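Reminder that position 420 of the sequence shown reads as 435 in the working numbering, one-by-one numbering, no gaps.
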Amino acid sequence: MAKTSKTKSVYFCQNCGYESPKWMGKCPGCGNWNTFAEEKINVSSKSSGLKDRLESEIPVKLSDIEPLEETRIKMPSGELNRVLGGGLVVGSLTLIGGEPGIGKSTLLLQNILSIRNKKILYVSGEESASQLKLRSDRLGKVSDKTFILCETNLENIFTQIKKLQPQLVIVDSIQTIITENAESAPGSVTQVRECAVAFLRYAKESGVPVLLVGHINKDGAIAGPKVLEHIVDTVLQFEGDRQYLYRILRSIKNRFGSTSEIGIYEMVEKGLREVTNPSEMLLSDNRREEMSGIDIGVTVEGGRPLMVEVQALVSTAAYGTPQRSVTGYDHRRLNMLLAVLEKRAKFRLAQKDVFLNIAGGLKITDPGLDLAVVTAVMSSNFDVSVSRKTVFVGEVGLSGEIRTVTRIEQRVAEAEKLGFDSIVIPRENLKGLKDKFRIKIVEVAKIEELLRYLFQ
């Protein structure tokens with residue numbers, strides 16, 4: 016029977032990729048409104064296709080499979096290698112997402128310009144060759160083996176790849192690439208999926224690693240269908256506030272390494288600079304000056320302990336309804352901690368404004384920072400300063416107890432390395448290990464004990 020094909024209309028959610036045969040106002044997948052768009056797809060069928068596929072696959076015993084070590088390409092950036100798990104795996108497909116202007120293109124361009132022994136193709140669908148040249152001049156690096164291709168047509172890109180035979184391919188960005196096999200607009204669900212699958216097939220067949228740059232939507236997730244993140248081998252998120260200089264490269268998915276590593280960069284005039292000691296960067300320069308409402312906490316980002324400065328301001332509500340303003344911390348968790356202080360420690364905060372800020376532009380979700388937040392709020396409420404040589408770590412429970420946290424040894428070691436005198440931790444969190452550290456360890460079990468220790 017001859018192959019037959021026809022075109023039909025399908026509606027896709029532009030946010031999550033949910034497919035529907037008809038238009039819908041609200042997406043059942045993600046719950047967003049007015050995100051469905053019509054796309055034309057080709058449906059082809061042939062009678063022998065299923066039979067051919069069934070005969071081509073042969074089961075193999077798991078015990079008979081020889082494990083192979085992944086061959087990795089070391090990138091010039093040590094922080095990037097750390098997040099990738101030791102380097103870029105040959106034949107892998109990696110997706111880097113982030114907000115516009117956060118530094119994704121700068122990160123990739125300054126890395127590939129420092130690679131001298133490999134032929135690299137940089138495909139740009141957003142910038143012209145002259146714009147990329149100006150950016151490379153600003154970075155102060157020139158490479159004779161880096162080739163620029165300003166093209167958005169997938170078929171033309173693979174034609175040039177076949178001629179050039181590069182050893183590394185970068186596509187900036189996947190949402191701008193279109194294929195002639197799909198009739199939908201650039202950036203649509205079908206176009207993004209088909210182009211990503213084509214690059215995955217090329218990477219696996221040729222052994223050439225491919226780096227894709229992806230946009231993100233207003234919720235912070237990578238734009239396009241969710242299947243895009245399932246297709247690729249590694250998903251990296253480049254995040255940070257553009258009002259601050261610091262950027263964090265975080266691994267969300269990694270088939271060849273751990274997802275518990277982060278890389279930290281600082282945006283400077285000549286590109287991105289690696290931050291070798293992130294704890295130093297997150298502490299303000301006036302550490303010797305003691306002020307109320309400021310203390311130091313230890314958090315763990317990925318597998319890295321970081322010292323962060325917590326700032327709180329408690330004042331009488333001037334307009335009747337008290338305000339709760341938070342920057343870099345979970346707003347709901349702050350309300351929970353204030354309720355614990357109100358109920359268990361008899362604080363009167365219901366008629367007071369509370370402002371909380373995590374210095375450095377970081378967004379912290381680690382519950383181990385609860386103790387530092389509570390201490391900063393109490394310090395500001397009493398207008399009594401806390402020693403800047405003391406560090407706080409611990410999770411606060413609803414009954415006012417101080418709960419144990421993970422990676423306590425790493426947190427204590429980080430505080431000792433940076434020269435702090437003492438650290439306040441949950442009781443029983445360091446059983447029998449006090450002799451390992453020179454720093455003074457203070458253990459507390461409840462909020463009341465913390466109050467007596469700080470303001471006795």
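Idealized CB from N, CA, C, for every residue including glycine. Fair warning: this is a prediction, and the values are worked out from it, not measured in the lab.
The beta-carbon separation of glycine 312 and valine 408, rounded to 6 Å, stays under the 8 Å limit for a contact. Burial is judged here by how many other beta carbons sit within 10 angstroms of a residue's own beta carbon; threonine 161 has at least 16 and is buried. Going by beta carbons, glutamate 141 and threonine 191 fall inside the 9 Å limit. When the five nearest sequence neighbours on each side are left out, the beta carbons in the same chain lying within less than 6 Å of the beta carbon of methionine 39 are those of Phe51, in order along the chain. Comparing alpha-carbon positions, the option among Ser275, Glu244, Val290 and Ile237 lying closest to tyrosine 261 turns out to be Val290. A straight line joining the alpha-carbon of alanine 354 with that of alanine 218 spans about 53 Å. Alanine 52 is bridged by DSSP to Phe27.
The closest CA to that of cysteine 28, considering only Thr86, Thr121, Lys241 and Tyr137, is found on Lys241. Under the three-state reduction of DSSP output, alanine 200 falls in the coil class, being neither helix nor strand.
Beta bridge pairing from DSSP links valine 459 with Pro441. The C-alpha of isoleucine 88 is placed about 13 Å away from the C-alpha of threonine 109. About 26 Å separates the beta carbons of glutamate 410 and glycine 278, which is beyond the 8 Å limit, so they are not a contact pair. Taking the C-beta atoms as reference points, leucine 122 is found no nearer than 9 Å to leucine 147. Here lysine 451 carries a helix assignment [DSSP, helix/strand/coil].
For the set Ile440, Ser158, Pro91 and Leu164, the Cα lying nearest the Cα of lysine 178 is the one of Leu164.
Listed in chain order, the alpha helix (DSSP H) runs fully inside the region 325-396 are 346-359, counting runs of at least 4 residues. Taking 9 Å as the cut-off, the Cβ atoms of glycine 375 and glycine 415 do not count as close. At least 9 Å separates the beta-carbon of glutamine 338 from that of isoleucine 373. Here the C-alpha atom of glutamate 295 lies approximately 16 Å from the C-alpha atom of glutamine 425. Counting along the chain, leucine 124 sits inside the alpha helix (DSSP H) bounded by residues 119-127. For serine 92, no beta strand (DSSP E) run applies, since DSSP gives it neither H nor E.
Ranked by how close their Cα comes to the Cα of valine 105, the residues Leu128, Thr405 and Glu220 have Glu220 in first place.
For the pair arginine 359 and alanine 391, the Cα-to-Cα distance works out to about 17 Å.
Here threonine 191 carries a helix assignment [DSSP, helix/strand/coil]. Taking a C-beta distance under 9 Å as the contact criterion, leucine 371 and serine 330 do not qualify as a contact pair.
Threonine 405 and tyrosine 280 have their alpha carbons spaced roughly 27 Å apart. At a Cβ-Cβ threshold of 9 Å, glycine 383 and threonine 336 do not count as neighbours. A straight-line Cα-Cα distance of about 7 Å links isoleucine 423 and leucine 445.
Taking all protein chains in view, the Cβ of tyrosine 137 is crowded by 16 or more other Cβ atoms within 10 Å, so the residue is classified as buried. Residue state for lysine 41 is assigned as strand, using DSSP reduced to three classes.
Judged by DSSP in its simplified three-state form, proline 36 adopts coil rather than helix or strand. Taking C-beta atoms as the reference points, leucine 298 and methionine 282 fail to come closer than 9 Å.
Take the alpha-carbon of glycine 118 and the one of asparagine 269: they are about 21 Å apart. The C-alpha of threonine 380 is placed about 23 Å away from the C-alpha of glutamate 357. Under the 10 Å beta carbon count, proline 293 is surrounded by 16 or more other beta carbons and is classified as buried.
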